[in-house]
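Read the structure below first, then the notes.
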Amino acid sequence: MSMSVATLSAPQLRQRLNLMLVLGASLALSVVLITFRVFLTHKISFVFLLWNLFLALIPFGLSTMLGLTAGRLKARVLLPVGAVWLLFFPNAPYILTDLFHLEPRPGVPYWYDLALILSCAWNGLMLAYASLTDMQLLVTRRLGWSAGWAFATLALLLSSFGVYLGRYLRFNSWDILTNPITLFYDIVSRILHPTMHRGTWGVTLLYGVFLLLGYATVRLLGQHREPDEL
């Protein structure tokens with residue numbers, strides 16, 4: 048099937064443009080904060096956050112591409128791209144755990160580092176929610192409202208599991224290709240022996256519920272209309 052940009056209505060185009068402008072401005076703030084810190088301290092303590100933000104942009108880019116594709120996507124296109132999206136999706140909420148790196152450091156006010164990391168964590172979370180919204184809408188169009196929310200819930204739970212794999216076991220998205228045996232073993236071990244890995248499921252369930260409640264809140268806020276718009 049040929050893939051072309053969908054003909055969107057003017058309000059849809061304006062909404063997409065506004066979203067990308069706001070996300071771009073927010074990402075620019077994070078980049079400025081990190082860059083200024085490097086010049087101020089001559090240290091690269093938080094430069095790794097730029098890489099984390101780049102990884103968080105990948106699922107958003109994929110979902111945007113799918114969302115702007117005209118027509119009803121066939122399974123042979125949607126499934127492989129969706130699988131890649133799901134593989135990289137945990138990189139977006141993962142940035143929330145970079146708050147672990149917050150501690151007093153000489154040369155920079157504590158409040159500055161707090162603002163810097165919160166900015167990056169916020170961007171990761173918003174990129175995750177924006178991306179998931181696109182993917183949920185695709186599922187909803189094909190399978191209905193219930194399937195759409197089931198997909199969103201499962202994606203957030205799996206992303207929380209992915210956050211655990213990344214933060215505590217230090218796996219990356221590309222380890223599915225470069226280190227599949229170890230990754231497979233660690234995942235299966237935690238599934239078959241859940242009582243031996245309570246931390247895994249504690250992180251997965253707690254972060255999953257937190258992310259789901261946040262996502263539902265953002266979706267409800269997005270449906271809010273001013274009185275003159277009703």
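Numbering-wise, my numbering comes out as the position in the sequence shown, counting from 1, plus 47.
Backbone N, C-alpha and C fix where the C-beta goes; we use that ideal spot for every residue, glycine too.
None of the values given here were measured: they were computed from a predicted structure.
Close beta carbons around residue i, own chain, < 6 Å, minus the five adjacent residues each side
{"i": "Ser207", "result": "Thr251, Tyr254, Gly255"}
Contact belief for residue i with residue j at Cβ below 8 Å, rounded distance in angstroms
{"i": "Leu205", "j": "Leu133", "result": "7 Å"}
{"i": "Ala162", "j": "Leu80", "result": "7 Å"}
{"i": "Phe93", "j": "Arg84", "result": "6 Å"}
{"i": "Phe218", "j": "Leu230", "result": "6 Å"}
{"i": "Tyr211", "j": "Thr247", "result": "6 Å"}
{"i": "Gly213", "j": "Tyr157", "result": "Going by Cβ atoms, the distance from Gly213 to Tyr157 rounds to 26 Å, so no, they are not a contact pair."}
Nonlocal neighbours in the same chain, by C-beta distance under 7 Å from residue i, ignoring five residues either side
{"i": "Ser49", "result": "Low confidence applies to Ser49: its pLDDT is 41, below 50, so where it sits in the model is not reliable, and the reading given next is rough at best. So the list is empty, once near-sequence residues are dropped."}
Residue i and residue j closer than 7 Å at C-beta
{"i": "Ser178", "j": "Phe107", "result": "yes"}
{"i": "Ala175", "j": "Val186", "result": "no"}
{"i": "Pro168", "j": "Leu143", "result": "Here residue 168 is Ala; the residue named in the question, Pro, does not match the sequence. Yes; because the gap between Cβ atoms is below 7 Å, this pair is in contact."}
{"i": "Asp145", "j": "Ile164", "result": "yes"}
{"i": "Ser110", "j": "Asn170", "result": "no"}
{"i": "Thr88", "j": "Val155", "result": "yes"}
{"i": "Ser220", "j": "Phe86", "result": "no"}
Cα-Cα separation, residue i to residue j
{"i": "His148", "j": "Thr264", "result": "27 Å"}
{"i": "Met4", "j": "Val124", "result": "Within the shown structure, residues of the chain are numbered from 48 to 277, placing residue 4 beyond reach of any answer."}
{"i": "His244", "j": "Asn65", "result": "43 Å"}
{"i": "Pro223", "j": "Val235", "result": "In the sequence under discussion, the amino acid at residue 223 is Ile, which differs from the Pro named in the question. Taking the straight line joining both Cα atoms gives about 14 Å."}
{"i": "Gln59", "j": "Leu115", "result": "10 Å"}
{"i": "Leu238", "j": "Ala75", "result": "In the sequence under discussion, the amino acid at residue 238 is Ile, which differs from the Leu named in the question. Straight-line Cα distance between these residues: approximately 40 Å."}
{"i": "Tyr262", "j": "Leu104", "result": "18 Å"}
{"i": "Ser77", "j": "Leu70", "result": "11 Å"}
{"i": "Ala197", "j": "Tyr159", "result": "39 Å"}
{"i": "Gln183", "j": "Pro137", "result": "16 Å"}
{"i": "Asn226", "j": "Leu97", "result": "24 Å"}
{"i": "His240", "j": "Ile228", "result": "18 Å"}
{"i": "Ser199", "j": "Ala139", "result": "This sequence places Ala at residue 199; Ser is not what is there. Approximately 15 Å, taken between the alpha carbons."}
{"i": "Val131", "j": "Ile91", "result": "30 Å"}
{"i": "Pro127", "j": "Leu216", "result": "26 Å"}
{"i": "Gly191", "j": "Gly269", "result": "19 Å"}
Same chain, Cβ closer than 8 Å to residue i, neighbours up to 5 away in sequence not counted
{"i": "Leu277", "result": "Reliability of the predicted coordinates at Leu277 is poor, the pLDDT of 46 falling under 50, and no value is obtained from them."}
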